[in-house]
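Protein chains: 2
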Amino acid sequence: MEDVARLAGVSTATVSRTLRGLPNVADETRDRVLQAAQSLSYVVSPFASRLATGRTHTVGVIVPYASRWFFGQIVAGAESVLREHSLDLLLYNLGDIPARQRFFGQLPLRRRVDAVLTVAMQFTDAELSALGSLGVPIVAVGHDVPGAGCVRIDDVAAAATAVQHLVDLGHRRIGMISTYNDQSMFLPVAHARRRAYVETLAKAGVPLSEDLVISVPHGMDGGEQAMRRLLTLPDPPTAVFAESDELAFGALSALRRTGRHVSVIGFDDHELSALLDLTTVRQRVFEQGVLAAGMLRRAMTTNGWTPEELLMPTTLVLRASTWPAAVRTVGAG
Amino acid sequence: MEDVARLAGVSTATVSRTLRGLPNVADETRDRVLQAAQSLSYVVSPFASRLATGRTHTVGVIVPYASRWFFGQIVAGAESVLREHSLDLLLYNLGDIPARQRFFGQLPLRRRVDAVLTVAMQFTDAELSALGSLGVPIVAVGHDVPGAGCVRIDDVAAAATAVQHLVDLGHRRIGMISTYNDQSMFLPVAHARRRAYVETLAKAGVPLSEDLVISVPHGMDGGEQAMRRLLTLPDPPTAVFAESDELAFGALSALRRTGRHVSVIGFDDHELSALLDLTTVRQRVFEQGVLAAGMLRRAMTTNGWTPEELLMPTTLVLRASTWPAAVRTVGAG
DNA sequence: TTGTAAGCGTTATCAA
DNA sequence: TTGATAACGCTTACAA
Numbered sequence: 001m002e003d004v005a006r007l008a009g010v011s012t013a014t015v016s017r018t019l020r021g022l023p024n025v026a027d028e029t030r031d032r033v034l035q036a037a038q039s040l041s042y043v044v045s046p047f048a049s050r051l052a053t054g055r056t057h058t059v060g061v062i063v064p065y066a067s068r069w070f071f072g073q074i075v076a077g078a079e080s081v082l083r084e085h086s087l088d089l090l091l092y093n094l095g096d097i098p099a100r101q102r103f104f105g106q107l108p109l110r111r112r113v114d115a116v117l118t119v120a121m122q123f124t125d126a127e128l129s130a131l132g133s134l135g136v137p138i139v140a141v142g143h144d145v146p147g148a149g150c151v152r153i154d155d156v157a158a159a160a161t162a163v164q165h166l167v168d169l170g171h172r173r174i175g176m177i178s179t180y181n182d183q184s185m186f187l188p189v190a191h192a193r194r195r196a197y198v199e200t201l202a203k204a205g206v207p208l209s210e211d212l213v214i215s216v217p218h219g220m221d222g223g224e225q226a227m228r229r230l231l232t233l234p235d236p237p238t239a240v241f242a243e244s245d246e247l248a249f250g251a252l253s254a255l256r257r258t259g260r261h262v263s264v265i266g267f268d269d270h271e272l273s274a275l276l277d278l279t280t281v282r283q284r285v286f287e288q289g290v291l292a293a294g295m296l297r298r299a300m301t302t303n304g305w306t307p308e309e310l311l312m313p314t315t316l317v318l319r320a321s322t323w324p325a326a327v328r329t330v331g332a333g
Numbered sequence: 001m002e003d004v005a006r007l008a009g010v011s012t013a014t015v016s017r018t019l020r021g022l023p024n025v026a027d028e029t030r031d032r033v034l035q036a037a038q039s040l041s042y043v044v045s046p047f048a049s050r051l052a053t054g055r056t057h058t059v060g061v062i063v064p065y066a067s068r069w070f071f072g073q074i075v076a077g078a079e080s081v082l083r084e085h086s087l088d089l090l091l092y093n094l095g096d097i098p099a100r101q102r103f104f105g106q107l108p109l110r111r112r113v114d115a116v117l118t119v120a121m122q123f124t125d126a127e128l129s130a131l132g133s134l135g136v137p138i139v140a141v142g143h144d145v146p147g148a149g150c151v152r153i154d155d156v157a158a159a160a161t162a163v164q165h166l167v168d169l170g171h172r173r174i175g176m177i178s179t180y181n182d183q184s185m186f187l188p189v190a191h192a193r194r195r196a197y198v199e200t201l202a203k204a205g206v207p208l209s210e211d212l213v214i215s216v217p218h219g220m221d222g223g224e225q226a227m228r229r230l231l232t233l234p235d236p237p238t239a240v241f242a243e244s245d246e247l248a249f250g251a252l253s254a255l256r257r258t259g260r261h262v263s264v265i266g267f268d269d270h271e272l273s274a275l276l277d278l279t280t281v282r283q284r285v286f287e288q289g290v291l292a293a294g295m296l297r298r299a300m301t302t303n304g305w306t307p308e309e310l311l312m313p314t315t316l317v318l319r320a321s322t323w324p325a326a327v328r329t330v331g332a333g
């Protein structure tokens with residue numbers, strides 16, 4: 001920066017002002033400085049600048065499973081808007097216990113980020129207060145954090161739509177594929193969707209049965225395993241609601257391999273769901289990431305920002321993986 | 001840090017030494033410092049430290065299409081090892097022309113990273129020299145960069161295996177689905193796989209035909225569109241080699257919708273390929289990211305590091321999407 | 001509108 | 001083994 005100042009015949013303070021586009025610089029001076037910077041192909045050192053201002057220009061993003069489609073989409077969405085505003089994104093993947101303990105033990109985000117985005121996490125009170133101690137705004141996607149902004153769908157209502165769809169098709173034995181994680185903890189989403197399942201069936205007068213709800217680790221393999229277990233029941237379900245499309249893919253795979261026929265509905269509308277003809281509940285995931293990042297930006301720039309709430313719509317997408325109960329029953333009988 | 005020093009009754013220099021685990025600190029002093037830091041729940045400010053040392057502790061990662069499965073896997077693999085060594089990863093997605101121009105125009109990586117990882121990019125000479133001007137080690141995955149380390153498969157040989165598989169099944173009209181991008185530039189991978197297609201068919205004495213090679217934008221939609229075009233040919237192919245599994249998925253979708261039967265082989269072994277019974281060439285993508293990051297670390301820590309080369313194996317995975325030419329021909333005739 | 005100079009929170013050199 | 005102290009490269013009162 002000194003070189004630029006010298007070349008332009010001004011002080012480093014003026015160079016700094018010019019490069020940051022501050023208003024109080026004479027046009028003629030500005031031109032000279034910009035030209036000097038250009039000719040020396042100079043860029044400011046971000047770290048020095050961050051040290052001096054105390055603003056980190058980075059956002060911390062906390063997800064439980066970075067490799068799942070849903071989280072990938074959220075992160076991609078957020079990234080796209082953060083990048084536009086030259087904000088860095090620091091990703092923390094807290095899927096397993098050690099990672100999580102390390103994270104909350106040393107809180108590597110301290111002094112490191114201007115804001116935090118958390119996605120579909122289930123925090124303990126201790127973890128929440130640790131996050132709070134960072135002293136930066138928080139936005140949560142897919143779950144609630146007290147005092148934080150929030151972008152989400154109405155999980156219970158959306159899942160109820162899915163289950164109701166199966167009921168409307170005349171199904172009376174309806175299974176569910178749910179998930180648990182390493183810590184044997186259920187993510188908020190799993191809770192909400194299971195609740196919807198129970199409530200919807202109860203309201204429809206469809207008998208509930210413990211056997212019909214299978215909890216597995218998330219993913220295609222989990223889905224496959226769950227469907228296989230459902231198929232071994234003495235009275236297997238005629239329809240199954242899977243907590244996510246990836247689970248549903250696994251379920252479809254099990255059905256194909258065993259040659260059995262069970263209606264399957266998923267949740268998310270994964271990009272491959274159309275190919276597999278999977279009936280599902282669509283949510284705009286990437287867009288939730290975009291909106292969350294926008295909120296984050298507002299939180300960082302507005303002082304006295306108050307947490308906002310955004311509720312995104314969902315749609316039932318009908319495809320060929322669900323059909324009326326009667327059709328197959330007659331065919332099989 | 002001053003507070004910690006005061007509490008421990010030492011100088012900031014000693015605190016710094018202790019916290020970085022330097023050897024020349026008395027055990028007793030070390031304990032006192034660590035305890036003081038602990039009780040004040042103090043962490044060093046990464047930016048101040050980076051400014052002082054000049055080391056950024058971050059790696060820049062350049063990809064053309066962050067949202068594709070392949071690139072996601074590479075990045076995830078790299079991230080997992082970088083994280084372990086508390087290195088930050090800064091992702092740049094250079095898919096479209098503006099992003100690319102901005103990137104090479106201002107080179108936001110300057111003064112910003114200790115090393116660079118590039119994935120399956122096709123750089124111009126100007127871009128290469130811009131990268132070189134960063135003065136940091138570079139590792140390339142899936143393509144060559146002069147003077148850089150390299151992790152890759154033998155693309156030509158692997159693709160040849162795929163095409164040869166179709167030839168061995170007796171196919172004589174073999175199509176290919178290839179890709180181009182926004183800039184109408186072909187990624188290195190597209191080049192290599194097309195070359196393998198041409199060479200393998202030539203060697204096998206199978207007639208080549210321009211019509212049988214369709215170039216589309218990457219993705220399921222592209223694959224679907226390409227297969228539809230192939231099907232409208234007066235003499236459509238009996239087998240098709242798709243440059244990637246995602247393209248192959250689209251091709252399968254087109255076949256299903258039209259009720260036609262064409263053997264399809266993909267490339268990658270995407271996690272959903274088994275579900276779709278897609279014959280393909282498997283490469284361990286995540287692992288390539290892991291190995292590249294390892295190489296990067298060596299490059300950053302070893303001085304006088306000389307570029308390494310890693311060639312990863314591939315496997316032909318036989319599934320139900322390819323079959324002998326005769327079977328269907330007879331059936332159709 | 002511009003310049004001077006004091007931070008920002010570390011690390012590193014040199015003495016002690 | 002430890003402590004002063006000068007960088008590191010920028011920002012920002014405060015003055016001019």
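Residue numbers (full-length UniProt numbering), protein chains in the order written: chain B, 1 to 333; chain P, 1 to 333.
All C-beta atoms in this analysis are idealised placements derived from N, C-alpha and C, irrespective of residue type, glycine included.
Computed from a predicted structure; not experimentally measured.
Terminal residues of the continuous beta strand (DSSP E) containing residue i?
| i | result |
| --- | --- |
| P/E309 | 309 to 312 |
| P/V141 | 138 to 141 |
Identify the continuous alpha helix (DSSP H) that holds residue i and give its terminal residues.
| i | result |
| --- | --- |
| B/F103 | 97 to 106 |
| B/Y197 | 188 to 204 |
| P/G60 | First-last for P/G60: 58 to 63, but that is the beta strand (DSSP E), not the alpha helix (DSSP H). |
| P/T118 | Unbroken run through P/T118 is the beta strand (DSSP E), 115 to 119; no alpha helix (DSSP H). |
| B/I216 | The sequence given here has Val at residue 216 of chain B, not Ile. Note, B/V216: premise wrong, no alpha helix (DSSP H); beta strand (DSSP E) at 213 to 216. |
| B/A36 | 27 to 39 |
| P/A226 | 220 to 231 |
Would you mind working out which of the options sits nearest residue i, comparing C-alpha positions?
| i | options | result |
| --- | --- | --- |
| B/V113 | B/I62, B/T258, B/V206 | B/I62 |
| B/D168 | B/D88, B/V206, B/L230 | B/V206 |
| P/L187 | P/R228, P/F103, P/P64, P/A13 | P/P64 |
| B/I74 | B/D144, B/R152, B/L247 | B/R152 |
| B/V163 | B/V139, B/S209, B/V198, B/G149 | B/V198 |
| P/S80 | P/P146, P/T161, P/A293 | P/A293 |
| B/A120 | B/V141, B/S133, B/Q35 | B/V141 |
| B/S41 | B/V10, B/D3, B/Y92, B/A160 | B/D3 |
| P/E271 | P/L22, P/M300, P/S244, P/N24 | P/S244 |
| P/S86 | B/D96, B/D88, B/G72, B/F103 | B/F103 |
| residue 409 of chain P | P/A36, P/V116, P/S49, P/G21 | The requested residue 409 of chain P is not part of the displayed model; chain P covers only 1 to 333. |
Looking at the structure shown, is residue i part of a helix, part of a strand, or coil, going by DSSP?
| i | result |
| --- | --- |
| B/R328 | Note that B/R328 has pLDDT 47, beneath the 50 cutoff, so the model's placement of it is unreliable and the number below is only indicative. In the structure shown, B/R328 sits in a helix (DSSP, three-state: H, G or I). |
| P/Q73 | helix |
| B/V281 | strand |
| P/S49 | helix |
| P/M1 | coil |
| P/G250 | helix |
| B/R152 | strand |
| P/G147 | coil |
| B/T301 | helix |
| B/L7 | helix |
| B/F267 | coil |
| P/V167 | helix |
| P/R20 | coil |
| P/A239 | strand |
| B/A130 | helix |
| B/L89 | strand |
| B/L316 | strand |
| P/G289 | helix |
| B/R55 | coil |
| B/G333 | Because B/G333 carries a pLDDT of 37, less than 50, the predicted location of this residue cannot be relied on, and the following value inherits that uncertainty. Correct three-state label for B/G333: coil. |
| P/G294 | helix |
| P/T306 | coil |
If contacts are defined as beta-carbon pairs under 8 Å, then residue i and residue j qualify, I think. What distance do you get, rounded to the angstrom?
| i | j | result |
| --- | --- | --- |
| P/G77 | P/V290 | 4 Å |
| P/A239 | P/V216 | Contact doesn't hold; Cβ gap of about 18 Å is too wide. |
| B/L278 | B/G266 | 5 Å |
| P/F47 | B/L51 | 5 Å |
| P/L311 | P/D96 | Going by Cβ atoms, the distance from P/L311 to P/D96 rounds to 31 Å, so no, they are not a contact pair. |
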